[in-house]
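Same order as they appear, the protein sequences are chains B and Z.
For the first sequence, position 464 matches number 464 in full-length UniProt numbering, and the numbering has no gaps at all.
For the second sequence, position 8 matches number 8 in full-length UniProt numbering, and the numbering has no gaps at all.
By construction, the Cβ of each residue, glycine as well, lies at the ideal position given by its N, Cα and C atoms.
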Amino acid sequence: MGVEGIGAKVLRKEDRRFITGRGRYVDDMSVPGMKYAAFVRSPHAHAKITGIDTSSAEGMPGVIGILNGQQLQGDGIGNLICGWAVSSKDGTPMKMGAWPALAVGTVRHVGQAVAIVVAETQLQARDAAEAVMVDYEELPVVTTAVDALKEGAPQLHPEAPGNLIFDWELGDKAATDAAFSKAAHVTKIHIHNNRLVPNPMEPRAALGHYDPAEDHYTCWTTSQNPHVARLVMSAFYNVAPEHKLRVIAPDVGGGFGSKIYIYPEEIVCLWASKRTGVPVKWTSDRSEAFLTDAHGRDHETDVELALDADNKILGLRVGTIANLGAYMSLFSSSVPTYLYATLLSGQYDIPAIHANVKTVYTNTVPVDAYRGAGRPEATYVVERTMETAARELGISPAEFRRKNFIRSFPHQTPVIMAYDAGDFDATLNAGMEAADVAGFEARREEAKSRGKLRGLGMSCYIEACGIAPSKAVGSLGAGVGLWESAEVRVNPVGTIEILTGSHSHGQGHETTFAQLVAERFGLPVDNVQIVHGDTDKVQFGMGTYGSRSGAVGMSAIVKALDKVEAKAKKIAAHVLEADEGDIVIENGEVKVAGTDKKLGWHEVCLGAYTAHNLPDGMEPGLKEGAFYDPTNFTFPAGCYICEVEVDPETGTTEIIQFVAADDFGRVINPMIVEGQVHGGLAQGIGQALLEGTHYDDAGQLLTASYMDYAMPRAWDLPNFKVSTNETLCPGNPLGMKGCGEAGAIGSPPAVINAITDAIGNNDLTMPATPEKVWKALNAVA
Amino acid sequence: MTDVTITVNGREMKGSVEDRTLLVQFLRGNLGLTGTHVGCDTSQCGACVVHVDGKAVKSCTMLAVQASGSSVTTIEGLASGADLHPVQAAFREHHGLQCGYCTPGMIMTAVDMIQRHGSSLDEETVREELDGNICRCTGYHNIVKAILSAAGASQPQSIAAE
């Protein structure tokens, strides 16, 4: 490895613009003639629209146009769709209710867009939006999935009787029933996985610009996957033909899943630009973000674990009800199914698993993938259950896990996944050593002497990343392939541009991806430019989510670099009159091994473009592209150990120590990987201790600002002790597994296991606020 | 409309604004200084922190007319030429940023914090004083590290071991 190659802590190339205030986010963009949009939104969770009166708003200062859903439909703009088809166990397709980008007839959650106002200034647009009079006839409301399934519940969509979207199953029911019939011990637990609001710090924004002279559309949008946005907006929503639509996702201020989806606002801004003849920019405020960004989680689950007399797991039975909100968001169906139930085997050898998942409409914001997407829910189910079983049996939670670890690979689980590699003992050992588990009882006693309750909890997670083999996800219902593309353009002076279909919104791709070039050719990372986020520059790509940019995105770059290297070697061999097999490229030089014959990298590159001395028949130039389709999912895994101290007087929990021992396969830049873990842990600990999303009975979101929704602050979190173990992934050229979501996946059960250990009551739901902890403690005291 | 005169990053800037215009709207909209960000509408997140007459202020809590006559420093005015301010350099050195959106406000808050506490800053104080700045990416670990480093303060044992 060179000083900037694989495994090196290279400081981020992108940082300079961010620390000097020169980042360029969508709201920073401006085009000549640009005007501003505000949306008229439903104040009701469920209502019929009986009239929209825009007469007084139209006369207000600066107003250019007010448009509604009927006009949108009249122009042939299609409804929003869910792009992953999941069928019920009886074979019937999922029941997708109509979701127009501007409501027509009925609104189904507070905040749903009803009309758009375009005006000269943002303040004028907002003033006028408040003056649009919409008449509503209120309808009965249901906000929880369990209530929505009850007889007589308010009905949301005529397409989905009983509010049931699908009733799906995975695994072998008969084998699981048989396993339970011979169990020596059965552990049962009910799991509530709290609804979360993703909250990237940059609110969503869209700038739509229709150019009538060229009949061409440009959309700047806060997207994790601009090419998918273009495809969906053209192929399904009929906003613009794909070859006449350019989508640009410039600097994007965090996503965590919530910026995967194509939302009503970007569709409407593009359409409104054509309708009004001006470029239209909309920027969400934080309240709108709470009311419209796709939420995460929101599961109710019953779990049963069957054990034999030797404490070996015989079977697992899981029944989950998942709240998908008022409409099916783009990938909402996949999250509580193929991204959830397929991970229910955890790190354990479980012979029989059966999962049943019912997904349900409610009068709440649509729910979709949020950091981890299904895998945090699965990990919470498995790791809370493992901890509970160990406590019931009176055995060490670590030894109980160890007894049931999978140790031989590849391992086929009963729920689709074939784990390719791993070493679960290694991460458990590393975690226990870093956390000084051996010394815990002494620390517990010391805390007790101060009147505090200490607890220790662990979580051994596994997840599936690198999503995913296109053929596999296609067979499971995905509407897209999940490969990635890359193009390596070598300039005549030897500098390099890498065009990638991945999108960076905090992950540091401009640095990590450049490190591949440093490793391969010995060039400085400053000689490499990463180009992403613009459909006019990068031909196609699938974007960044599911921790896929390393395992999939970088694998595509490796393939393209292979081709560049091969051609450069051919050119050099020809010029140096050597055998191609003897050419090596290192430290920016192209050499004949074992001799002093060499060319500078820039000489080979210039030669490719002057084309004065190329092998016969070789095309000039040095530019290669590649598409990479993964062969399997990747399986990051690890062990997280949380130590807490609870104040019995107040129920306040303090995290004394948090240890993360992860196996991400090959690490390219350890500094960036650690940063990803830190951020994931903060979100997971936030879910466990702080973040709760509450609706009242009328469907009003009570936690719709930072005054009410408890975002983790610096004060709430400890310093983290993180380490990595590298068991290489055999499925991709770099051996990478992915590190973006692990922290959020593995940490919630570790925190709750620690608190329940401290207070001696296992009955505790997230977020474990002081009030809940105090009540749980006093229920057993 | 009201005329305002504000010295921004050392230059006197004049503008005519609606009375309800927030300082952050004036900086971003009128002056094109888009480094100051808006991350919430309740003065909680701190993405909009600038310095007004040398003190850290959330520019979403102040009207542009209130700032008239004041001297404002934004993130764009912190570095001197090509030389980064030590706090900017520390954020880069310690990977104290990911998506970069909260970063300008974090850095402006940190500069103010260090001006007040100097090298006597400790982890507890940093975490307490970051109460008004929300970051969703970093988990704060590296932000705390960067601020202590820029202050010339000692790192807590748990961080120093790294």
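Of the listed residues the options, nearest to residue i (C-alpha basis)
i                 : options                                    : result
Asp-697 (chain B) : B:Arg-17, B:Ala-85, B:Ala-160, B:Pro-154   : B:Pro-154
Tyr-545 (chain B) : B:Ala-8, B:Asp-562, B:Gln-507              : B:Gln-507
Leu-196 (chain B) : B:Ala-566, B:Ser-449, B:Val-552, B:His-694 : B:His-694
Glu-300 (chain B) : B:Arg-286, B:Lys-312, B:Leu-324            : B:Leu-324
Met-62 (chain Z)  : Z:Leu-33, Z:Thr-125, Z:Phe-26, Z:Leu-78    : Z:Phe-26
Ile-77 (chain B)  : B:Glu-265, B:Met-554, B:Asn-404, B:Ser-223 : B:Glu-265
Gly-59 (chain B)  : B:Ala-148, B:Lys-95, B:Ala-125             : B:Ala-125
Ala-101 (chain B) : B:Arg-17, B:Ala-272, B:Asn-225             : B:Ala-272
Pro-198 (chain B) : B:Ile-583, B:Met-133, B:Val-367, B:Lys-403 : B:Val-367
Val-667 (chain B) : B:Ser-549, B:Leu-681, B:Gly-651, B:Gly-684 : B:Ser-549
Leu-523 (chain B) : B:Pro-469, B:Tyr-461, B:Glu-586            : B:Glu-586
Ala-779 (chain B) : B:Ala-768, B:Ile-759, B:Thr-769, B:Thr-765 : B:Ile-759
Alpha-carbon spacing of residue i relative to residue j, whole angstroms
i                 : j                 : result
Gly-743 (chain B) : Cys-219 (chain B) : 33 angstroms
Leu-130 (chain Z) : Ala-85 (chain B)  : 45 angstroms
Phe-664 (chain B) : Glu-383 (chain B) : 20 angstroms
Ser-485 (chain B) : Phe-627 (chain B) : 4 angstroms
Lys-188 (chain B) : Leu-305 (chain B) : 7 angstroms
Ala-389 (chain B) : Tyr-263 (chain B) : 43 angstroms
Ala-754 (chain B) : Leu-456 (chain B) : 4 angstroms
Arg-127 (chain Z) : Met-113 (chain Z) : 11 angstroms
Asp-28 (chain B)  : Gln-73 (chain B)  : 31 angstroms
Glu-654 (chain B) : Gln-687 (chain B) : 15 angstroms
Gly-346 (chain B) : Gly-372 (chain B) : 14 angstroms
Glu-120 (chain B) : Asp-15 (chain B)  : 34 angstroms
Ala-551 (chain B) : Phe-180 (chain B) : 38 angstroms
Lys-448 (chain B) : Pro-156 (chain Z) : 25 angstroms
Asn-311 (chain B) : Ser-459 (chain B) : 18 angstroms
Thr-379 (chain B) : Gln-224 (chain B) : 25 angstroms
Which residues DSSP lists as bridging residue i, in chain order
i                 : result
Ala-637 (chain B) : B:Ile-462, B:Asp-663
Ser-80 (chain Z)  : Z:Asp-83
Gly-625 (chain B) : B:Glu-487
Met-13 (chain Z)  : Z:Ile-6
His-190 (chain B) : B:Asp-302
Glu-137 (chain B) : B:Lys-48
Leu-316 (chain B) : B:Leu-305, B:Ile-353
Met-736 (chain B) : B:Gly-665
Leu-245 (chain B) : B:Tyr-217
Leu-67 (chain B)  : B:Ile-116
Same chain, Cβ closer than 7 angstroms to residue i, five either side skipped, listed in chain order
i                 : result
Met-1 (chain B)   : Annotation note: pLDDT 47 at Met-1 (chain B) (below 50); position unreliable, coordinate value reported separately. Same-chain partners within the cutoff: Gly-7, Ala-8, Glu-519.
Asp-708 (chain B) : Leu-702
His-44 (chain B)  : Val-107, Val-110, Tyr-136, Glu-138
Ser-287 (chain B) : Ala-704, Ser-705
Per-residue contacts from residue i into chain B (C-beta, under 9 angstroms)
i                 : result
Ser-158 (chain Z) : Gln-657, Pro-718, Asn-719, Phe-720, Lys-721
Within chain B, partners of residue i - CB distance below 7 angstroms
i                 : result
Asp-83 (chain Z)  : Within 7 angstroms Cβ-Cβ: nothing; Asp-83 (chain Z) doesn't reach chain B, min ~11 angstroms.
Val-144 (chain Z) : Ala-714
Thr-103 (chain Z) : Phe-18, Ile-19
Under 8 angstroms by beta carbon: chain Z residues contacting residue i
i                 : result
Met-671 (chain B) : His-95
Asn-199 (chain B) : Arg-136
Arg-286 (chain B) : Gly-39, Cys-40, Asp-41, Thr-42, Cys-45
Thr-20 (chain B)  : Gly-35, Ile-75, Glu-76, Leu-78, Ala-79, Leu-84, Gln-88
Cβ shell of residue i (< 6 angstroms), same chain only, five flanking positions each side left out
i                 : result
Thr-495 (chain B) : Asn-527
Gln-112 (chain B) : Ser-42, Ala-103
Thr-222 (chain B) : Val-26, Arg-204, Ala-205, Val-252, Lys-259
Gln-122 (chain B) : Tyr-36
Glu-169 (chain B) : Lys-89, Asn-356
Chain-ordered chain Z contacts of residue i [CB-CB under 9 angstroms]
i                 : result
Ser-329 (chain B) : Within chain Z, no residue comes near Ser-329 (chain B); the closest Cβ sits about 20 angstroms away, beyond 9 angstroms.
Chain-order list of residues whose beta-carbon lies under 8 angstroms from that of residue i (same chain, five-residue window excluded)
i                 : result
Val-360 (chain B) : Ala-145, Ala-148, Leu-149, Asn-163, Leu-164, Ile-165, Ile-321, Ala-322, Asn-323, Leu-324
Glu-580 (chain B) : Lys-569, Lys-570, Ala-573
Interface partners of residue i on chain Z, CB under 7 angstroms
i                 : result
Gly-675 (chain B) : His-95, Gln-98, Thr-138, Asn-142
Gly-254 (chain B) : Cys-99, Tyr-101, Arg-136, Cys-137
Proximal chain B residues relative to residue i, where beta-carbon distance stays under 8 angstroms
i                : result
Asp-19 (chain Z) : The premise fails here: Asp-19 (chain Z) is roughly 11 angstroms from chain B at the closest Cβ pair, so nothing lies under 8 angstroms.
Glu-12 (chain Z) : Going along chain B, no residue has its Cβ under 8 angstroms from Glu-12 (chain Z), so there is no contact; the nearest lies around 20 angstroms.
CB contact below 7 angstroms: residue i versus chain D
i               : result
Thr-7 (chain Z) : Of the protein chains in the structure, B and Z, none is chain D.
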